[in-house]
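What follows is a single structure, written as structure tokens, with notes after it.
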Amino acid sequence: MPKPKRVRYKRSLICHLDLLGFRELIRTKKPGEISKMLRLFSTAVKPLTRGMEVKALGTRQFVAFSDLHITVIPTEPDDDSARGLIFLQIIRLIHAQWKLFFDHGILVRGGIVVGDAIRSYGRFFGQGIIDAYDVESKQALYPRIVVDASVFEELKRNPQVWMHDGDGKGELKAVKSLL
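Be aware that the sequence shown starts at 221, since it is given in my numbering, and climbs by one per residue.
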């Protein structure tokens with residue numbers, strides 16, 4: 221008998237994104253048009269394979285279903301892979317949102333939080349996933365990506381996610397300047 225897998229929550233940056241008005245798109249667009257929109261959306265928001273990527277961010281930390289995309293990245297890894305995590309993720313999502321809207325007329329909404337989450341047997345779960353869903357569905361009612369206060373708290377307390385040296389104030393300022 222195999223030994224049970226030990227599953228523990230990890231403090232993570234969680235990005236919950238979806239297409240705004242997807243129900244209406246289903247009612248009014250042809251399947252080929254929807255398929256193209258979903259492909260463009262997925263390509264824009266999925267983890268990068270080269271360029272400005274967060275180290276160790278692979279498909280293990282990303283899941284897509286219908287018009288939903290969730291990225292979960294631990295903020296307290298055993299190595300330096302979280303360096304610049306929040307700054308880079310926000311830049312990546314700003315670029316994706318801009319490109320989708322201006323190049324294709326696709327509206328995105330989302331929520332970004334820091335909270336507890338884990339992936340086990342291919343499924344993400346935890347309070348952080350629920351919190352990200354709540355931010356996306358209850359606060360981001362318009363085409364926008366809402367950054368929860370928990371992200372700013374993480375920037376203040378966790379030097380592992382800082383891209384810029386110092387006491388965290390510079391990192392907080394740099395991230396706020398993106399918003």
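For each residue, glycine too, the CB sits at the ideal point set by N, CA and C. The structure displayed is predicted, hence computed values, not measured ones.
Kindly list the residues whose CB is nearer than 6 Å to the CB of residue 273, restricted to its own chain and excluding five residues on each side of it in sequence; keep chain order.
Residue mapping note: residue 273 aligns to position 53 of the sequence shown, counting from 1. Residue placement at residue 273 cannot be trusted, given a pLDDT of 48 that sits under 50; the coordinates are not used to answer.
Within the continuous alpha helix (DSSP H) that includes residue 369, where are the two ends?
For the purposes of this step, residue 369 is taken as residue 149 along the sequence shown, with counting starting at 1. Where residue 369 is concerned, the enclosing alpha helix (DSSP H) starts and stops at 369–377.
Euclidean distance between Cα positions of residue 368 and residue 359:
Walking along the sequence shown from the start, residue 368 turns up at place 148. Walking along the sequence shown from the start, residue 359 turns up at place 139. CA-to-CA, the gap between residue 368 and residue 359 works out to about 10 Å.
Please report the straight-line C-alpha distance between residue 271 and residue 395, rounded to a whole angstrom.
In the sequence shown, residue 271 corresponds to position 51, counting from 1. In the sequence shown, residue 395 corresponds to position 175, counting from 1. Caution is warranted here: a pLDDT of 49 is assigned to residue 271, below 50, making its placement in the model unreliable, and the coordinate value is therefore given only provisionally. It is roughly 20 Å from the alpha-carbon of residue 271 to the alpha-carbon of residue 395.
I think residue 335 touches residue 347, with their Cβ atoms under 8 Å apart; what is that distance to the nearest whole Å?
For the purposes of this step, residue 335 is taken as residue 115 along the sequence shown, with counting starting at 1. For the purposes of this step, residue 347 is taken as residue 127 along the sequence shown, with counting starting at 1. Their Cβ separation, rounded to whole angstroms, is 5 Å, which keeps residue 335 and residue 347 in contact under 8 Å.
Kindly provide the ranges of any beta strand (DSSP E) runs that are 3 or more residues long and lie completely inside the region 306–371, ordered along the chain.
Segments of the beta strand (DSSP E) lying fully in the region 306–371: 328–340, 343–345, 365–367.
Is the beta carbon of residue 258 less than 8 Å from the beta carbon of residue 328?
Your numbering for residue 258 matches position 38 in the sequence shown. Your numbering for residue 328 matches position 108 in the sequence shown. No; because the gap between Cβ atoms is not below 8 Å, this pair is not in contact.
When the Cα of residue 314 is compared with those of 325, 361, 349, 365, which residue comes out closest?
Taking the sequence shown and counting its residues from 1, one reaches residue 314 at position 94. For the residues 325, 361, 349, 365, the minimum Cα distance to residue 314 belongs to 365.
Alpha-carbon spacing of residue 408 relative to residue 261, whole angstroms:
Because the chain here runs from 221 to 399, residue 408 falls outside it and cannot be looked at.
Specify, as a first and last residue, the run of the alpha helix (DSSP H) that residue 283 falls within.
Mapped onto the sequence shown, residue 283 falls at position 63. Careful: residue 283 lies outside any alpha helix (DSSP H), inside the beta strand (DSSP E) at 282–285.
Using C-beta distances below 6 Å, list every residue in its chain close to residue 372, excluding the 5 sequence neighbours before and after it, in chain order.
Indexing the sequence shown from 1 puts residue 372 at position 152. Around residue 372: no qualifying Cβ.
Where residue 399 sits in the DSSP three-state scheme:
Taking the sequence shown and counting its residues from 1, one reaches residue 399 at position 179. When DSSP states are grouped into helix, strand and coil, residue 399 belongs to the coil group.
Leaving out five residues on either side along the sequence, give the residues of the same chain with a beta carbon under 7 Å from the beta carbon of residue 342.
The residue given as residue 342 occupies position 122 in the sequence shown. Answer for residue 342: no residue qualifies.
What's the call for residue 351, buried or exposed, on a 16-neighbour Cβ count within 10 Å?
Looking up residue 351 in the sequence shown gives position 131. Residue environment: residue 351 is assigned as buried (16 or more neighbouring CB atoms within 10 Å of its CB, all protein chains considered).
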